[in-house]
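Numbering (UniProt numbering), first residue to last: 1 to 248.
This is the structure in structure tokens:
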């Protein structure tokens with residue numbers, strides 16, 4: 001449902017951008033304002049001759065941006081758990097085996113109201129220690145659960161990776177379409193039409209590549225935040241639970 005909502009919003013924004021470019025192109029005099037006219041064509045104002053490719057590129061870019069923003073919001077929410085006092089963080093605090101069991105029940109009670117990756121990880125760690133009593137196995141289960149969480153995060157980003165690939169592909173498709181259309185007029189001798197179609201052909205690639213550069217920056221930011229969150233997650237559990245358990 002979230003993907004559908006993001007797609008709907010992105011479609012509306014892409015249509016709005018295309019409509020604005022079309023309107024401005026229609027009221028711009030090519031002879032009096034050649035530079036502005038060329039820019040509007042570059043941005044996809046000439047929909048009839050291939051500008052719709054830029055419109056699709058805008059759709060993919062805005063959709064991907066919404067997806068990235070949504071994932072960053074999720075990470076920001078999950079980070080709140082570090083400040084919810086789910087577990088004592090004092091350096092002097094020590095957990096006895098029975099304390100670990102009490103912590104588990106506390107976390108179960110907490111998750112009846114809201115659930116976080118951290119609370120779930122702590123709960124599973126407590127369960128593992130209760131059944132095995134081994135710190136080495138406890139470290140193993142924490143590492144495994146964090147890997148699972150990272151894999152889920154990567155799976156949730158599959159749409160973003162697809163759109164990152166789609167954007168430059170749309171640009172190249174536009175180039176192929178523009179060149180093929182210009183070849184149709186090759187024997188007509190209408191050089192203005194031919195050069196116009198060739199211009200539109202390469203405009204699609206230029207717009208797509210520029211948007212790809214910006215999108216890749218957002219994607220790398222998301223990847224960095226995802227990796228940092230899981231690294232902080234593991235460090236938090238090791239420092240505040242595993243290293244403080246005293247085995248009798």
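Beta carbons are placed, not taken as given, at the ideal position from N, Cα and C, and that holds for glycine.
Owing to the predicted nature of the structure, the values given are computational and were not obtained by experimental measurement.
Next item on the list: Enumerate, from N- to C-terminal direction, the unbroken alpha helix (DSSP H) stretches of 4 or more residues contained entirely within the UniProt domain "MotA/TolQ/ExbB proton channel" (117-233).
Entry: Whole alpha helix (DSSP H) segments, 4+ residues: 117-132, 135-156, 158-184.
Check: Bridge partners of residue 95, per DSSP?
Finding: Sequence index remark: in the chain shown, residue 95 carries index 95 (1-based). According to DSSP, residue 95 bridges with 245.
Notebook entry, point to check: Hey, would you say residue 249 sits closer than 8 Å to residue 78, going by beta carbons?
Noted result: This structure does not reach residue 249, given that the chain is present from 1 up to 248, and the question cannot be answered.
Check: Do the CB positions of residue 118 and residue 81 come within less than 8 Å of each other?
Finding: Counting from 1 along the chain shown, the entry for residue 118 is found at position 118. Counting from 1 along the chain shown, the entry for residue 81 is found at position 81. Contact flag set, yes.
Next item on the list: Quick one: measure Cβ to Cβ for residue 264 and residue 44, integer angstroms, because I've assumed they're closer than 8 Å.
Entry: With the chain covering 1 to 248 only, the question about residue 264 has no answer from this structure.
Next item on the list: Determine the extent of the alpha helix (DSSP H) in which residue 81 is found, giving its start and end residues.
Entry: On the chain shown, residue 81 is found 81 positions in, with the first residue counted as 1. Counting along the chain, residue 81 falls outside any alpha helix (DSSP H), and DSSP gives it neither H nor E.
Next item on the list: Within the same chain, show all residues whose beta-carbon is closer than 8 Å to that of residue 238, passing over the 5 residues directly before and after it, in chain order.
Entry: The residue labelled residue 238 in the question sits at position 238 within the chain shown. Correct list, in chain order: 139, 142.
Notebook entry, point to check: Thinking just about the alpha-carbon of each residue, which of 198, 182, 180, 153 is nearest to the one in residue 224?
Noted result: As a position in the chain shown, residue 224 is number 224, starting the count at 1. The shortest CA-to-CA distance from residue 224 to any of 198, 182, 180, 153 is the one to 153.
Check: Where do the ends of the alpha helix (DSSP H) carrying residue 35 lie?
Finding: Locating residue 35 in the chain shown gives position 35, where the first residue counts as 1. 34-42 is the span of the alpha helix (DSSP H), which, as asked, contains residue 35.
Next item on the list: Select from 183, 167, 182, 175 the residue whose C-alpha is nearest the C-alpha of residue 213.
Entry: Translated into the one-based positions of the chain shown, residue 213 becomes position 213. When C-alpha distances from residue 213 are compared across 183, 167, 182, 175, the shortest belongs to 167.
Item checked: For residue 111, the three-state DSSP class (helix, strand or coil) -> Residue 111 sits at position 111 when you count from the first residue of the chain shown. DSSP places residue 111 in coil when its eight states are reduced to three.
Next item on the list: Check residue 70 in the structure and name its three-state DSSP category.
Entry: Working through the chain shown from its first residue, we reach residue 70 at position 70. It is helical.
Next item on the list: Counting only the same chain and skipping the five closest in sequence on each side, list residues whose C-beta sits under 6 Å from that of residue 245.
Entry: The sequence position of residue 245 within the chain shown is 245, counting from 1. 95.
Item checked: Inter-stretch contact (C-beta, 8 Å, three-pair minimum) for the segment 162-177 and the segment 15-33 -> As far as the Cβ criterion goes, the segment 162-177 does not touch the segment 15-33, which means the pair count is below three.
Checklist line | Between the CA atoms of residue 75 and residue 247 - distance to the nearest angstrom | finding: Along the chain shown, read from residue 1 onward, the residue named residue 247 stands at position 247. Along the chain shown, read from residue 1 onward, the residue named residue 75 stands at position 75. The alpha-carbon separation between residue 247 and residue 75 amounts to approximately 34 Å.
Check: Between residue 114 and residue 128, which are expected to be in contact by the criterion C-beta below 8 Å, what is the C-beta distance as a whole number of angstroms?
Finding: Locating residue 114 in the chain shown gives position 114, where the first residue counts as 1. Locating residue 128 in the chain shown gives position 128, where the first residue counts as 1. About 23 Å separates the two Cβ atoms, so there is no contact after all.
Next item on the list: Drop a sphere of 10 angstroms on the beta-carbon of residue 200, count the other beta-carbons inside from all chains shown, and report buried for 16 or more, exposed for fewer.
Entry: Taking the first residue of the chain shown as 1, we reach residue 200 at position 200. Buried.
Checklist line | Proximal residues to residue 93 (C-beta, below 7 Å), its chain only, five neighbours per side dropped | finding: Within the chain shown, residue 93 is the residue found at index 93, counting from 1. Closer than 7 Å at the Cβ level, and outside the excluded window around residue 93, lie 244.
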